[in-house]
Amino acid sequence: MIRIAAIAVLLFIAPFRMLATDAGQLYYALRTKVLQVKDYTADVRLKIDIDYMKIPDLSGKLYYKAPDKMKMVRKDGISILPKKNINLTLSSLIPAGNVTVIDVGTATLKGRKLRILKVIPEEDNTGIVLSKIWVDEAAMLAYRTETTTKDEGTVTLDLEYGKYVKHSLPDKIAITMDVKEYKLPKGVTMDYSEIPKTEDLKEKMKDNKNKKGVIEIAYLNYVVNKGISDAVFKEMK
Amino acid sequence: MEPIVEIQNITKVFKKINAVSDLSFSIHKGDVYGFLGQNGAGKSTTMRMLLGLIFPDSGRIIINGQEFNNGKRHLLRHIGAIIERPDMYGYLSGWDNLKIFAALTDRSIPATRLHAVLEQVGLKGREKDKVKTYSYGMKQRLGIAIALVHEPDLLILDEPTNGLDPQGIADIRELIRSLSRDHGKTVLVSSHLLHEIEQVATRMLVLHKGKKIAEGMLSDLLNPNEMLVQVGVIPAGQVQARIAASSWQPMLVGASADQLTFKLHKDNIPELNRWLVMNGVNVTEIRSKHSLEDHFLSLTNDQATATRAI
Amino acid sequence: MIRLLQLELYKIFRRPRTYISFGVVTATAIIFQLAMGSGGKEFFEFGMQDISEQFNVQGNIINGYLVAYLILQSLLIQIPLLVALVAGDTLAGEANIGTLRLVLTRPITRTQLVLIKFAASTIYTILLITWLAVIALFLSLAIFGEGDMINLKSDAFVMILKDDVIWRYICAFGFAILAMTTIAALSMFLSAFADNGIGPIIATMGIVVVLTILSSLELPMFNAINPYLFTAHMVGWKGFFDADVPYAAIRHSAFILLLYTGGFLGGTLYYFNRKDINS
Numbered sequence: 001m002i003r004i005a006a007i008a009v010l011l012f013i014a015p016f017r018m019l020a021t022d023a024g025q026l027y028y029a030l031r032t033k034v035l036q037v038k039d040y041t042a043d044v045r046l047k048i049d050i051d052y053m054k055i056p057d058l059s060g061k062l063y064y065k066a067p068d069k070m071k072m073v074r075k076d077g078i079s080i081l082p083k084k085n086i087n088l089t090l091s092s093l094i095p096a097g098n099v100t101v102i103d104v105g106t107a108t109l110k111g112r113k114l115r116i117l118k119v120i121p122e123e124d125n126t127g128i129v130l131s132k133i134w135v136d137e138a139a140m141l142a143y144r145t146e147t148t149t150k151d152e153g154t155v156t157l158d159l160e161y162g163k164y165v166k167h168s169l170p171d172k173i174a175i176t177m178d179v180k181e182y183k184l185p186k187g188v189t190m191d192y193s194e195i196p197k198t199e200d201l202k203e204k205m206k207d208n209k210n211k212k213g214v215i216e217i218a219y220l221n222y223v224v225n226k227g228i229s230d231a232v233f234k235e236m237k
Numbered sequence: 238m239e240p241i242v243e244i245q246n247i248t249k250v251f252k253k254i255n256a257v258s259d260l261s262f263s264i265h266k267g268d269v270y271g272f273l274g275q276n277g278a279g280k281s282t283t284m285r286m287l288l289g290l291i292f293p294d295s296g297r298i299i300i301n302g303q304e305f306n307n308g309k310r311h312l313l314r315h316i317g318a319i320i321e322r323p324d325m326y327g328y329l330s331g332w333d334n335l336k337i338f339a340a341l342t343d344r345s346i347p348a349t350r351l352h353a354v355l356e357q358v359g360l361k362g363r364e365k366d367k368v369k370t371y372s373y374g375m376k377q378r379l380g381i382a383i384a385l386v387h388e389p390d391l392l393i394l395d396e397p398t399n400g401l402d403p404q405g406i407a408d409i410r411e412l413i414r415s416l417s418r419d420h421g422k423t424v425l426v427s428s429h430l431l432h433e434i435e436q437v438a439t440r441m442l443v444l445h446k447g448k449k450i451a452e453g454m455l456s457d458l459l460n461p462n463e464m465l466v467q468v469g470v471i472p473a474g475q476v477q478a479r480i481a482a483s484s485w486q487p488m489l490v491g492a493s494a495d496q497l498t499f500k501l502h503k504d505n506i507p508e509l510n511r512w513l514v515m516n517g518v519n520v521t522e523i524r525s526k527h528s529l530e531d532h533f534l535s536l537t538n539d540q541a542t543a544t545r546a547i
Numbered sequence: 548m549i550r551l552l553q554l555e556l557y558k559i560f561r562r563p564r565t566y567i568s569f570g571v572v573t574a575t576a577i578i579f580q581l582a583m584g585s586g587g588k589e590f591f592e593f594g595m596q597d598i599s600e601q602f603n604v605q606g607n608i609i610n611g612y613l614v615a616y617l618i619l620q621s622l623l624i625q626i627p628l629l630v631a632l633v634a635g636d637t638l639a640g641e642a643n644i645g646t647l648r649l650v651l652t653r654p655i656t657r658t659q660l661v662l663i664k665f666a667a668s669t670i671y672t673i674l675l676i677t678w679l680a681v682i683a684l685f686l687s688l689a690i691f692g693e694g695d696m697i698n699l700k701s702d703a704f705v706m707i708l709k710d711d712v713i714w715r716y717i718c719a720f721g722f723a724i725l726a727m728t729t730i731a732a733l734s735m736f737l738s739a740f741a742d743n744g745i746g747p748i749i750a751t752m753g754i755v756v757v758l759t760i761l762s763s764l765e766l767p768m769f770n771a772i773n774p775y776l777f778t779a780h781m782v783g784w785k786g787f788f789d790a791d792v793p794y795a796a797i798r799h800s801a802f803i804l805l806l807y808t809g810g811f812l813g814g815t816l817y818y819f820n821r822k823d824i825n826s
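Residue numbers (my numbering), protein chains in the order written: chain A, 1 to 237; chain B, 238 to 547; chain C, 548 to 826.
1. Compare the beta carbon distance of K47(A) and E160(A) with 7 Å and say whether it is the shorter of the two.
2. Against chain B, does R653(C) count as a neighbour if the rule is that its beta carbon must be under 7 Å from one of theirs?
3. Cβ closer than 7 Å: which chain F residues qualify as neighbours of F602(C)?
4. Could you tell me the boundaries of the alpha helix (DSSP H) in which M583(C) lies?
5. Tell me, please, whether the CB atom of K65(A) is closer than 7 Å to any CB atom in chain C?
6. Would DSSP call S456(B) helix, strand or coil?
7. Any C-beta of chain C within less than 8 Å: which residues of the stretch 276–298 of chain B qualify?
8. From L201(A) to L114(A), what distance separates their C-alpha atoms?
9. Should the stretch 361–368 of chain B be regarded as contacting the stretch 313–333 of chain B, the criterion being three or more beta carbon pairs within less than 8 Å?
10. Output needed for R440(B): all residues of its chain with C-beta closer than 6 Å, excluding positions within five of it in sequence on either side, in chain order.
11. Hey, I797(C) and G786(C) are a contact pair by Cβ (cut 8 Å); roughly how many whole angstroms apart?
12. Between which two residues does the alpha helix (DSSP H) harbouring K336(B) extend?
13. Distance check for I241(B) and A451(B), CA to CA, integer angstroms please.
14. K186(A) CB to nearest chain C CB: under 7 Å?
15. List, from N- to C-terminal side, the beta strand (DSSP E) runs of 3 residues or more that fit wholly inside the stretch 328–404 of chain B.
16. Mind pulling the chain C residues with CB within less than 7 Å of I175(A)?
17. Tell me which residue opens and which closes the alpha helix (DSSP H) that W485(B) is part of.
18. What number of angstroms, rounded off, separates the C-alpha of S763(C) from the C-alpha of M190(A)?
19. Go ahead and label S568(C) buried or exposed: buried means 16 or more other beta carbons lie within 10 angstroms of its beta carbon, across all protein chains shown.
20. Unbroken beta strand (DSSP E) runs of length 3 or more, entirely within the stretch 113–180 of chain A: which are they?
21. Check the C-beta distance from D39(A) over to Y64(A) and give it rounded, since I have them as a contact under 8 Å.
22. Between which residues of its own chain and P323(B) is the CB-CB distance below 7 Å, once the five residues before and five after are set aside?
23. Does DSSP put P747(C) in a helix, a strand or coil?
24. Spell out whether any CB of chain B is found under 7 Å from the CB atom of I670(C).
25. Can F704(C) and M53(A) be called in contact, C-beta distance under 7 Å?
26. Between A285(A) and W134(A), how many whole angstroms is the CB-CB distance? I'm expecting something under 8 Å.
27. Less than 6 Å between C-beta atoms, sequence neighbours within five positions excluded: which residues of the same chain meet that for G374(B)?
28. Run down chain C in chain order and give the residues with a C-beta less than 8 Å from the C-beta of V179(A).
29. Determine the extent of the beta strand (DSSP E) in which L260(B) is found, giving its start and end residues.
30. For G317(B) versus L425(B), is the C-beta distance shorter than 7 Å?
31. Is it buried or exposed for T637(C), if we count other Cβ within 10 angstroms and need 16 for buried?
32. Let me know the secondary structure DSSP gives T778(C) once reduced to three states.
33. Verify the CB distance criterion: does L679(C) have a CB-CB separation below 7 Å to chain A?
34. Tell me, please, whether the CB atom of T189(A) is closer than 7 Å to any CB atom in chain C?
35. Note down the Cα distance separating I471(B) from N516(B), rounded to an integer number of angstroms.
36. Using a Cβ-Cβ cut-off of less than 8 Å, list which residues of the stretch 771–783 of chain C approach chain A; keep chain order.
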């Protein structure tokens with residue numbers, strides 16, 4: 001459905017396609033820069049802000065290997081990352097291969113004037129239907145992407161840069177994504193019903209469905225392009 | 238002399254049945270007080286009330302001059318008891334049982350006392366065995382040891398010879414006598430068998446359907462006036478008519494075709510015999526019963542409603 | 548009093564029956580640990596379906612802390628039975644074997660006797676829960692190792708960092724002791740009415756099971772009484788495994804449990820001091 005809509009949009013804007021050439025160059029240049037990072041290891045601090053997930057901030061080591069391998073490791077601990085298709089890297093949220101790029105003007109984000117590109121992949125192999133990217137043209141950095149996927153809804157990635165700007169690697173990212181409902185029968189969990197209640201759970205349950213969740217990752221340091229064995233990404237059983 | 242225990246007009250009703258009715262008696266120091274009555278006569282109920290196991294509906298219990306109730310359970314230090322069966326912790330040794338029950342007092346009892354009391358009841362050497370391996374008689378003796386261990390003035394033994402073999406019965410009897418004679422203990426002992434009481438008691442009380450029907454010194458209760466004499470006769474002629482016309486008539490308490498029963502003084506037996514022979518009665522047998530048994534039976538059977546001080 | 552308590556405990560711990568409880572706790576825990584060792588991940592993933600759809604949860608999920616929690620949860624129903632096994636037998640069991648008669652001919656007050664038996668039952672409960680802690684928590688930690696603990700609630704996915712767990716267990720076991728002491732008091736109260744130990748044990752279980760069902764049914768007609776049922780408060784130990792520990796609710800639950808314990812104990816004292824011992 002989303003794909004059909006995207007094609008419709010594509011057909012509608014076809015006459016303006018020529019105008020987008022600069023935008024296309026900008027996108028490809030950005031992508032080339034982003035894809036220069038083949039792998040990295042980083043100490044991270046993960047903050048999950050989803051209503052039903054009561055999880056403290058998690059410190060761990062994040063391993064990334066292009067194109068789509070990612071893993072967080074916490075010594076003796078449990079790591080929680082969103083599922084593969086929406087990796088927490090820019091590279092996986094911007095479409096690969098041949099794309100159609102549309103310049104949809106500029107916008108100011110946190111005091112920064114950015115160009116907004118709409119990118120529609122021409123090949124159907126990433127699950128991405130449409131990506132909207134906020135780009136700082138001078139610095140050649142993406143500050144926000146809004147990616148519509150086939151299966152996982154829309155994912156928004158906000159990026160902040162600092163020390164690792166030369167690798168186009170952010171110091172901090174925030175991912176906003178759709179999260180599905182969570183519920184287990186009380187007969188199974190045998191919960192403790194608080195009396196008096198510290199929060200009204202019933203009230204909270206009402207808007208539990210299809211809410212947005214935000215995951216923030218602070219990158220404390222990076223080790224870039226030093227090579228990582230595939231074995232690292234094998235899931236522990 | 239002040240009584241150790243004084244029971245004043247106690248009554249206990251269980252489900253509309255009078256278990257004990259308006260019962261009064263006193264036990265004095267040195268008594269071996271026999272408590273006689275059939276099963277269900279109220280002996281155990283009375284003893285339980287005396288021990289604070291059951292609460293009387295009315296009446297007073299006075300132990301060593303103080304009124305006893307649930308708030309005055311310390312008075313029980315003057316009493317040692319086994320009620321009905323000698324039930325113990327079967328999974329523990331005799332020694333452990335004794336130790337546990339000895340501790341259930343308000344003073345500490347040294348181990349030497351435990352040994353002494355085991356010696357006294359003849360359980361020395363078996364105290365380390367588990368009680369579940371004991372015979373009934375051994376349990377009974379351990380029960381008595383427990384009742385004695387805190388050196389009470391009064392020992393309450395409810396049917397202590399029940400379930401024992403003849404040797405066991407004799408041992409318990411001897412133990413009771415020795416406790417009274419050698420250790421100066423006062424004993425309240427119950428039985429449904431008169432001869433049990435007869436052999437150990439100095440005083441006794443006969444209880445029937447919760448009521449006292451007789452109480453007194455054993456020597457008084459063994460009044461020779463109350464001797465029962467059974468005379469076997471060959472039925473002939475007008476034996477009963479002749480007796481009816483004689484001075485023996487008031488003493489005749491039962492008559493059938495071949496047996497006459499008189500209640501009379503022991504000294505009168507030869508005279509009765511002479512009179513019968515002289516009057517042509519063929520006597521086949523004369524049996525006199527010098528026991529409380531018949532007295533007890535007659536009391537409980539015939540005169541249950543009348544309380545008599547003998 | 549101390550001497551009598553020692554002897555009461557001696558009586559309890561010389562009885563083979565007492566060790567059934569410790570055996571049951573051990574067996575249940577070990578069976579659970581074996582099951583979690585072989586198929587724990589699959590079992591747990593079932594509960595995590597909603598989460599796994601969207602998230603990659605990796606690491607030592609089936610760790611000692613989680614296994615201990617699951618053991619505690621499954622023992623929720625059994626432990627009251629095990630407590631009742633001893634506490635329900637305190638008065639009635641002695642009535643049954645006939646020793647109560649002999650005990651009560653001794654010069655101690657009935658109040659003393661009840662308090663000693665309650666204290667002994669409480670100590671037994673503490674030891675049982677401590678043993679549960681050793682076997683469910685420390686043995687599980689030895690087998691499955693440490694790790695962050697996941698707690699699946701009906702409306703929340705809670706994760707507690709491994710360094711943040713152990714104090715929660717200490718509090719939870721403390722609370723469990725309080726809850727089980729209430730069960731001990733209930734059992735003893737029922738025990739005062741009976742002349743054999745089976746009745747109070749079964750009655751305790753019956754009450755706990757029926758009230759637990761009432762508590763978990765969440766039917767509107769029962770919701771009004773639910774806050775007053777002690778069974779609803781017995782699971783208060785779980786509160787310590789919330790992300791934000793609901794201290795006010797736990798305090799309230801503890802208070803209700805104490806109230807019940809006091810009530811049962813008071814009821815026992817009242818009735819037992821007036822009871823005719825006919826056994």
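For each residue, glycine too, the CB sits at the ideal point set by N, CA and C.
For this structure:
1. Between K47(A) and E160(A), the C-beta spacing is not below 7 Å.
2. yes
3. Included in the structure are the protein chains A, B and C, with no chain F among them.
4. 563–594
5. Answer no: the Cβ-Cβ gap between K65(A) and chain C never drops below 7 Å.
6. helix
7. R285, L288, G289, L290, I291, F292
8. At L201(A) the pLDDT is 49, less than 50, meaning the model places this residue with poor confidence and gives no usable figure here.
9. Flag = yes, the stretch 361–368 of chain B and the stretch 313–333 of chain B touch.
10. D268, Y270, M454
11. 5 Å
12. That run of the alpha helix (DSSP H) goes 331–340.
13. Roughly 20 Å between the two C-alpha positions.
14. Yes - at least one Cβ of chain C is within 7 Å of the one on K186(A).
15. 391–395
16. In chain order: nothing, as chain C lies at least about 12 Å away.
17. From DSSP, W485(B) is part of no alpha helix (DSSP H); its letter is neither H nor E.
18. 7 Å
19. buried
20. 128–136, 141–149, 154–161, 170–179
21. D39(A) to Y64(A), Cβ: 6 Å. Contact.
22. K376, Q377, L379, G380
23. helix
24. no
25. yes
26. Here chain A covers residues 1 to 237 and nothing more, so residue 285(A) does not appear.
27. L401, G405
28. Correct list: Q601.
29. Segment 254–264, the beta strand (DSSP E) holding L260(B).
30. no
31. buried
32. Reduced to three states, the DSSP call for T778(C) is helix.
33. no
34. yes
35. 13 Å
36. Per Cβ criterion, the list reads N773, P774, A779, H780, V782, G783.
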